[in-house]
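One structure below.
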DNA sequence: CAGACGAGCCTTACGTCGTAAGGCCAACCG
DNA sequence: CGGTTGGCCTTACGACGTAAGGCTCGTCTG
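Protein chains in written order, with my numbering: chain E, 1 to 232; chain R, 233 to 464.
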């Protein structure tokens, strides 16, 4: 009956919040049932009274980011009410991107989940609404969703990875060795790579590249929309 | 000194071949040092005389698929010699895709590797050569590479996952429950989903969707190419 | 031909993980 | 006041990757 009770009781939300903090700080690999429990001042098995297991924990993390994205994207689109479908989607995706920049582990986690996180349905509903409202048929809208791929969630699934710090140096060295067999790549790197200023999420996945790809797709889709409208 | 020796000696190649077979048959999760060793009639630790460890094993797997892709893509482009850049790249990417369809685990593995697999440099060199030969500046070509993303390796990084068999049923049921809150999604699914015939690699990642996205990007890039040529 | 050597494989063991099973204890309800 | 229940802990098991060192051959040397 001192100032505070024995301690704050555990809960699903508290566990998820601690997990997010842990992963933000130390990466996915650090997220262990034992470690998470320790961060909460508790034993590992106690977590199982609030979470169905490790998979359930990961599902919870995913739902949390999706919710964060949905909120940010809905807000962004509300701000852009009245704009055309392009700018509304654009703001939506860019809002999602800022969330992803806060949680660099999210893309990998997202695409590793074996089942579709429930929250994404709601998120895609919003995108779809924008498209339909913008004059797209369900057929084209469906294809648009596929074409966007991970851009809709704010990240470009890069094949060429982050490569931060010494890794980047190692990769550069490796590439230099191969340079004579790879004339075009070498030339492009020489011409482009060192002009890059903002490699944030993924290798060269700068804001510029992200928006370039977005506009490429938007241009194509706008044409497709007009074509299908003309067909009717 | 009977017909065969005690047994075929182990080797890096034999280990990698067995690993590929194992993963093709039972998925990534089944790939364990102990299990792989067992498949080879050997104890786990024996593998360490030919491989530097689990990570090295995965690197080997990745290099193997990349090599397979490179070979298929180079062959495809050779067949298309004389065509314009679009058809050459198109055939290249579609060839990569057929390789990925043989190894459904490859996309996830690819995008989980912490370091850039050396083989991809060579592969991208080929793409870049096609682009430059087709009249692209390094600047636009660079952006094109980013825009292609995982399509260049033959797969679309889908957010909505495979969902095979009962999983698909479960997802469908789940979606049905939400349907009233998700009018557009519900309508689109009703209109589109059951018309889908060929969900092969990833949810709805049918050949059609893949090629649609490809052409969308190609159209946009063609414009960008002309624009930059006009600027000179 | 004897003996040493070394490659290739095995045995044992450690520390980590997720988690099943059950015990302990305080808070609450009758 | 005694019983119940829910929250947390203890212990334990079977995976996993892999460090360290032992055994057994084929081969090469003197």
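Quick reminder that beta carbons are idealized off the backbone N, C-alpha and C, glycines included.
| query | Are the beta-carbon atoms belonging to residue 449 of chain R and residue 379 of chain R less than 8 Å from one another? | reply | Here the question's residue 449 of chain R lines up with position 217 in the second chain. Here the question's residue 379 of chain R lines up with position 147 in the second chain. Note that the C-beta distance between residue 449 of chain R and residue 379 of chain R is below 8 Å.
| Quick one, which residues of the segment 50 to 65 of chain E are near chain R if we go by CB-CB under 7 Å, in chain order? | Residues are counted here when their Cβ sits less than 7 Å from a Cβ of chain R; for the segment 50 to 65 of chain E the count is zero.
| message | Rounded to whole angstroms, what is the Cα-Cα separation between residue 210 of chain E and residue 99 of chain E? | response | Taking the first residue of the first chain as 1, we reach residue 210 of chain E at position 210. Taking the first residue of the first chain as 1, we reach residue 99 of chain E at position 99. Here the C-alpha atom of residue 210 of chain E lies approximately 14 Å from the C-alpha atom of residue 99 of chain E.
| said: Nearest by alpha-carbon distance to residue 78 of chain E: which of E:136, E:91 and E:16 is it? | reply: As a first step, residue 78 of chain E must be located in the first chain, where it is residue number 78. Among E:136, E:91 and E:16, the Cα nearest to that of residue 78 of chain E is on E:91.
| query | Taking residue 461 of chain R as the reference, which of R:383, R:364, R:416 and R:445 has the closest Cα? | reply | Translated into positions along the second chain, residue 461 of chain R becomes position 229. Of R:383, R:364, R:416 and R:445, the residue nearest in Cα terms is R:364.
| query | Which residues bound the alpha helix (DSSP H) around residue 450 of chain R? | reply | In the second chain, counting from the first residue as 1, residue 450 of chain R sits at position 218. Per DSSP, residue 450 of chain R belongs to the alpha helix (DSSP H) from 439 to 463.
| query | Where do the N-terminal and C-terminal ends of the alpha helix (DSSP H) with residue 13 of chain E fall, by residue? | reply | As a first step, residue 13 of chain E must be located in the first chain, where it is residue number 13. Per DSSP, the unbroken alpha helix (DSSP H) holding residue 13 of chain E starts and ends at 12 to 26.
| How about the segment 350 to 364 of chain R and the segment 283 to 302 of chain R: do they share at least three Cβ pairs that are nearer than 8 Å? | Touching, yes.
| message | Rounded to whole angstroms, what is the Cα-Cα separation between residue 106 of chain E and residue 409 of chain R? | response | Stepping through the first chain from its first residue, residue 106 of chain E is reached at position 106. Stepping through the second chain from its first residue, residue 409 of chain R is reached at position 177. Residue 106 of chain E and residue 409 of chain R: Cα-Cα distance of roughly 27 Å.
| Going along chain E in order, which residues have a C-beta closer than 8 Å to the C-beta of residue 279 of chain R? | For the purposes of this step, residue 279 of chain R is taken as the residue at position 47 of the second chain. Here the premise fails: no neighbours, minimum Cβ distance about 23 Å.
| query | Between the segment 296 to 310 of chain R and chain E, which residues of the former have a C-beta closer than 7 Å to a C-beta of the latter? | reply | Residues: none.
| task | Could you name each continuous alpha helix (DSSP H) segment of 4 residues or more that falls completely within the segment 321 to 398 of chain R, going from the start of the chain to the end? | result | Listed in chain order, the complete alpha helix (DSSP H) runs (minimum 4 residues) inside the segment 321 to 398 of chain R are 338 to 342, 351 to 365 and 370 to 380.
| field | Close beta carbons around residue 345 of chain R, own chain, < 8 Å, minus the five adjacent residues each side | value | Looking up residue 345 of chain R in the second chain gives position 113. Within the same chain, residue 345 of chain R has close Cβ partners 290, 291 and 294.
| request: Counting only the same chain and skipping the five closest in sequence on each side, list residues whose C-beta sits under 6 Å from that of residue 1 of chain E. | output: Taking the first chain and counting its residues from 1, one reaches residue 1 of chain E at position 1. With a pLDDT of 36 at residue 1 of chain E, under the threshold of 50, the predicted position of this residue should be treated as unreliable, though the coordinate-derived value follows. Same-chain partners within the cutoff: there are none.
| query | Near residue 5 of chain E, which residues of its chain fall below 8 Å by C-beta distance, leaving aside the five closest residues on each side in sequence? | reply | The count along the first chain starts at 1 and reaches residue 5 of chain E at position 5. Here residue 5 of chain E scores only 42 on pLDDT, less than 50, and its place in the model should not be relied on; the value that follows carries that caveat. Counting only residues of its own chain and dropping the five nearest sequence neighbours on each side, residue 5 of chain E has no CB closer than 8 Å to any other CB.
| request: Please determine if the segment 10 to 30 of chain E and the segment 38 to 49 of chain E are in contact, where contact requires at least 3 C-beta pairs separated by less than 8 Å. | output: By the Cβ test, the segment 10 to 30 of chain E is in contact with the segment 38 to 49 of chain E, since at least three Cβ pairs between them sit closer than 8 Å.
| message | Taking the alpha carbon of residue 385 of chain R as the reference point, which residue from R:307, R:370 and R:327 has its own alpha carbon closest? | response | To locate residue 385 of chain R, count along the second chain from 1; it is residue 153. Taking only the C-alpha atoms, the option nearest residue 385 of chain R is R:327.
| field | Spatial neighbours of residue 137 of chain E in its chain, beta-carbon cut-off 7 Å, leaving aside the 5 residues before and after | value | On the first chain, position 137 is the one that residue 137 of chain E refers to. Cβ neighbours of residue 137 of chain E within its own chain (closer than 7 Å, five residues either side excluded): 228.
| field | Buried versus exposed call for residue 416 of chain R [16 or more other C-beta atoms within 10 Å across all chains shown] | value | In the second chain, residue 416 of chain R corresponds to position 184, counting from 1. Residue 416 of chain R comes out buried.
| task | Measuring only between beta-carbons, confirm whether residue 460 of chain R sits less than 8 Å from chain E. | result | Reading the second chain from its first residue, position 228 is the one you call residue 460 of chain R. No, its Cβ sits nowhere closer than 8 Å to a Cβ of chain E.
| request: Between the Cα of residue 375 of chain R and those of E:47, E:46, E:156 and E:175, spot the shortest distance and give me the residue it belongs to. | output: In the second chain, the residue the question calls residue 375 of chain R occupies position 143. Closest option to residue 375 of chain R, Cα to Cα, is E:156.
| message | I'd like the span of the alpha helix (DSSP H) that includes residue 310 of chain R, first residue to last. | response | Taking the second chain and counting its residues from 1, one reaches residue 310 of chain R at position 78. For residue 310 of chain R, the enclosing alpha helix (DSSP H) stretches over residues 286 to 311.
| request: Please check the pair residue 111 of chain E and residue 343 of chain R, which I expect to be a contact at CB under 8 Å, by giving their CB distance rounded to whole angstroms. | output: Numbered from 1 along the first chain, position 111 holds the residue referred to as residue 111 of chain E. Numbered from 1 along the second chain, position 111 holds the residue referred to as residue 343 of chain R. Right, their Cβ atoms sit about 7 Å apart.
| message | Using a Cβ-Cβ distance cut-off of 8 Å, determine whether residue 2 of chain E contacts chain R. | response | Looking up residue 2 of chain E in the first chain gives position 2. Here the model assigns residue 2 of chain E a pLDDT of 32, short of 50, so the residue's position is not dependable, and the following value carries that caveat. No - not a single Cβ of chain R is within 8 Å of the one on residue 2 of chain E.
| task | Compute the beta-carbon to beta-carbon distance between residue 377 of chain R and residue 355 of chain R, rounded to the nearest angstrom, for a pair I have assumed lies under 8 Å. | result | Counting from one through the second chain, the residue named residue 377 of chain R turns up at place 145. Counting from one through the second chain, the residue named residue 355 of chain R turns up at place 123. No, residue 377 of chain R and residue 355 of chain R are not in contact; Cβ-Cβ is about 11 Å, not under 8 Å.
| In three-state DSSP terms, what is residue 315 of chain R? | The residue labelled residue 315 of chain R in the question sits at position 83 within the second chain. Three-state result, residue 315 of chain R: coil.
| Nearest CA to the CA of residue 23 of chain E: which residue from E:44, E:128 and E:102? | Taking the first residue of the first chain as 1, we reach residue 23 of chain E at position 23. Closest in alpha carbon position to residue 23 of chain E, among E:44, E:128 and E:102, is E:102.
| task | Leaving out five residues on either side along the sequence, give the residues of the same chain with a beta carbon under 6 Å from the beta carbon of residue 456 of chain R. | result | Indexing the second chain from 1 puts residue 456 of chain R at position 224. 372, listed in sequence order.
| request: Note down, in chain order, each residue of its chain lying with its Cβ closer than 7 Å to the Cβ of residue 220 of chain E, except the 5 sequence neighbours on either side. | output: Translated into positions along the first chain, residue 220 of chain E becomes position 220. Within the same chain, and ignoring the five residues on either side of residue 220 of chain E in sequence, no residue has its Cβ closer than 7 Å to its Cβ.
| query | Whose Cβ in chain R lies nearer than 8 Å to the Cβ of residue 112 of chain E? | reply | As a first step, residue 112 of chain E is located in the first chain; it is residue number 112 there, counting from the start. Simply 340 and 344.
| message | I believe residue 14 of chain E touches residue 51 of chain E by the beta-carbon criterion, under 8 Å. Please report the beta-carbon distance rounded to the nearest angstrom. | response | Locating residue 14 of chain E in the first chain gives position 14, counting from the first residue. Locating residue 51 of chain E in the first chain gives position 51, counting from the first residue. Contact doesn't hold; Cβ gap of about 11 Å is too wide.
| Per DSSP, what kind of secondary structure is residue 421 of chain R in: helix, strand or coil? | Taking the second chain and counting its residues from 1, the one referred to as residue 421 of chain R is at position 189. Note: residue 421 of chain R maps to helix in three-state DSSP.
| query | If the cut is a Cβ gap below 7 Å, which residues of chain R does residue 132 of chain E touch? | reply | One-based indexing of the first chain puts residue 132 of chain E at position 132. Near residue 132 of chain E (Cβ distances below 7 Å), the residues of chain R are 416.
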